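**Student:**
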Amino acid sequence: MRRKFIVISVLLVLFFSSTLIFASELLDQAKSDYFFQLEKYREEEKDFYLKRSQYRNLQTFASQEEAVQAAKVMLIRRAEVWRTYFQAVRIALLETKGVDIIARNSQTNKIETWQKNMIEHKKRLENLNVIDAVLLESQSLEEQKQTIEKLTYQSLGILAIAKLQANTDQLKAFSQKIKDAIEAQELNEQVKQTKLRGFIEIDRSLSNSQTAISQANIKLANFEGDIFNAKLGFENVQEKLIASYDQIRRAYQLLVELSEGVEL
Amino acid sequence: MTDQTKFTETQEHLQQPPVEPPTPKELVKIEKAKKIRKKTFLISAAIFTVLILAAVAISMMQPETQTFVSEPSPTPTTQQETLLQKELNSLKEQIDAANPQDIEFPPPPIDMEVSL
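Protein sequences appear in the order of chains D and S.
The numbering used here numbers the first residue of the first sequence as -16 and each following residue consecutively.
The numbering used here numbers the first residue of the second sequence as 10 and each following residue consecutively.
#1: Would you check if the distance between the CB atom of L100(S) and the CB atom of Y235(D) is smaller than 8 Å?
#2: Note down, one range per segment and in chain order, each alpha helix (DSSP H) of at least 4 residues found wholly within the segment 68 to 93 of chain D.
#3: Roughly how many whole angstroms lie between the Cα atoms of L108(D) and R46(S)?
#4: Can you say whether L58(D) is buried or exposed, counting buried as having 16 or more other CB atoms within 10 angstroms of its CB?
#5: Indicate the three-state DSSP secondary structure (helix, strand or coil) for G244(D) in the structure shown.
#6: A164(D) and V245(D): beta carbons closer than 8 Å?
#7: Within the 8 Å Cβ cut-off, does N108(S) reach chain D?
#8: Could you check what DSSP says for Q52(D) in three-state terms: helix, strand or coil?
#9: For L111(D), which of helix, strand or coil comes out of DSSP?
#10: So, at 8 Å on beta carbons, what are the nonlocal neighbours of Q37(D) in its own chain, with the 5 sequence-adjacent residues on each side left out?
#11: If you follow the alpha helix (DSSP H) that E166(D) is part of, which residue opens it and which one closes it?
#12: Tell me which residue opens and which closes the alpha helix (DSSP H) that E122(S) is part of.
#13: Can you list, in chain order, the residues of the segment 155 to 166 of chain D whose Cβ is nearer than 7 Å to any Cβ on chain S?
#14: Helix or strand or just coil, what does DSSP make of E222(D)?
#15: Thinking A213(D) and Q129(D) are a contact (beta carbons under 8 Å), I'd like their distance in whole angstroms, please.
#16: Is it the case that the Cβ atoms of I94(D) and F69(D) are separated by a distance below 8 Å?
#17: Beta-carbon of E132(D) versus every beta-carbon of chain S: anything under 8 Å?
#18: E63(D): buried (16+ other C-beta within 10 angstroms of its C-beta) or exposed?
#19: Listed from N- to C-terminal order along the chain, which residues in the segment 186 to 219 of chain D have their beta-carbon within a distance smaller than 7 Å of any beta-carbon of chain S?
#20: Tell me whether the segment 149 to 157 of chain D and the segment 174 to 193 of chain D touch, counting them as touching only if at least three CB pairs, one residue from each stretch, are closer than 8 Å.
#21: Using a Cβ-Cβ cut-off of 6 Å (strictly less than) and excluding sequence neighbours within five positions of R25(D), which residues of its own chain qualify?
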């Protein structure tokens, strides 16, 4: 009985400690992997441009062979850059507070599919050596450029909206806390009323922020329609979010002023 | 006169009872007890190590809390102000991190149209 208790305790402690460490380090690790792959890609890209330039000047079979090999190395790395980038975005979607659960599930599923696609693309490239086959495989990914961009900017939009939504909610709760503290304080009635009027301004700013977030959500929903310029679509979402962000900052400044002399 | 030393040595009732060697069953029991003690010690050591590791990990993840604890005995007023200030600072950090113009993961700046 005692032994069982000890074993269960050890397992529980191990589980919880490992979960804590795991959760905090997962995103950092994913980012680090992505930046490592991107750095490697930069080096291999330079090498490819050099070899391509030599081939264009010399037009020999040997220089063509070198250029194809350099292209293959670079394209394999490109698949790795995308795979690790998607991994970082996927973890951010899972860890960021305020992300809508339906959007989170749908987006992470799409990202996982594309991670698998990148692995398959990489495997196919590794087995190719003929110039036409390498270029054809590269082209197969390039044709999906718009879909990939759409997925990327859509994820960025979801993350940006979630962060501002979390800020708006937190400010609302904190503002109520300060307001309650002021109401409970023994203050000159005139001073108290002036301070309480300030909260009407905070509420107005937060309400404006919420409206802007709702508009951003509508803009984001347009991503589901026909494929269009994803970057432009994201900029439309961003424009609404900047308006929300300005209102959040205004509410925060007012809250700082009203918090002076308040005892929690 | 009798030699009293000799008397005590020779008296049967004062002599130490002869030590009997442990039976094989007893030996097994002793061995088992030793093993259990060893296991308990190892498990306790493992729990202790894991707890220390968890404490270190948690303290590393919450540097603000550590700073707050290590402050030299603040007065109640200072403590209240610090608590409010701390919450406001935490909010400020979260607001700064949510600037929609700062994209945390911009798409990879890589060429998607490669030609030879």
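For every residue, glycine included, the Cβ atom is placed at its ideal position computed from N, Cα and C.
Owing to the predicted nature of the structure, the values given are computational and were not obtained by experimental measurement.
**Tutor:** Reading it off the structure:
#1: One-based indexing of the second sequence puts residue 100(S) at position 91. One-based indexing of the first sequence puts residue 235(D) at position 252. Cβ distance < 8 Å, so L100(S) and Y235(D) count as in contact.
#2: none
#3: For the purposes of this step, residue 108(D) is taken as the residue at position 125 of the first sequence. For the purposes of this step, residue 46(S) is taken as the residue at position 37 of the second sequence. Whole-angstrom Cα-Cα distance: 59 Å.
#4: The residue labelled residue 58(D) in the question sits at position 75 within the first sequence. Classification of L58(D): buried, given that the 10 Å Cβ count is 16 or more.
#5: Residue mapping note: residue 244(D) aligns to position 261 of the first sequence, counting from 1. The answer is coil: DSSP assigns G244(D) none of H, G, I, E or B.
#6: Here residue 164(D) refers to the residue found at position 181 when the first sequence is read from its first residue. Here residue 245(D) refers to the residue found at position 262 when the first sequence is read from its first residue. Yes, these two residues count as a Cβ contact at 8 Å.
#7: To locate residue 108(S), count along the second sequence from 1; it is residue 99. True, the Cβ-Cβ gap to chain D drops below 8 Å.
#8: Here residue 52(D) corresponds to residue number 69 of the first sequence, with the count starting at 1. Three-state DSSP puts Q52(D) in a helix.
#9: Indexing the first sequence from 1 puts residue 111(D) at position 128. L111(D): coil per DSSP, three-state reduction.
#10: Along the first sequence, read from residue 1 onward, the residue named residue 37(D) stands at position 54. Excluding sequence neighbours, Q37(D) sits near S46, E49, A50.
#11: By 1-based counting over the first sequence, the position of residue 166(D) is 183. First-last of the alpha helix (DSSP H) with E166(D): 128 to 167.
#12: The residue given as residue 122(S) occupies position 113 in the second sequence. Taken as a continuous stretch (DSSP letters only), E122(S) belongs to no alpha helix (DSSP H), as it is neither H nor E.
#13: F157
#14: Numbered from 1 along the first sequence, position 239 holds the residue referred to as residue 222(D). The answer is helix: DSSP assigns E222(D) an H, G or I state.
#15: Here residue 213(D) refers to the residue found at position 230 when the first sequence is read from its first residue. Here residue 129(D) refers to the residue found at position 146 when the first sequence is read from its first residue. About 7 Å; that satisfies the 8 Å criterion.
#16: In the first sequence, counting from the first residue as 1, residue 94(D) sits at position 111. In the first sequence, counting from the first residue as 1, residue 69(D) sits at position 86. A contact, by the Cβ cut-off of 8 Å.
#17: Walking along the first sequence from the start, residue 132(D) turns up at place 149. Yes - at least one Cβ of chain S is within 8 Å of the one on E132(D).
#18: Position 80 of the first sequence, counted from the start, is the residue given in the question as residue 63(D). Buried, because 16 or more other Cβ atoms sit within 10 Å of the Cβ of E63(D).
#19: none
#20: yes
#21: Position 42 of the first sequence, counted from the start, is the residue given in the question as residue 25(D). Counting only Cβ-Cβ distances below 6 Å, and skipping sequence neighbours, we find nothing.
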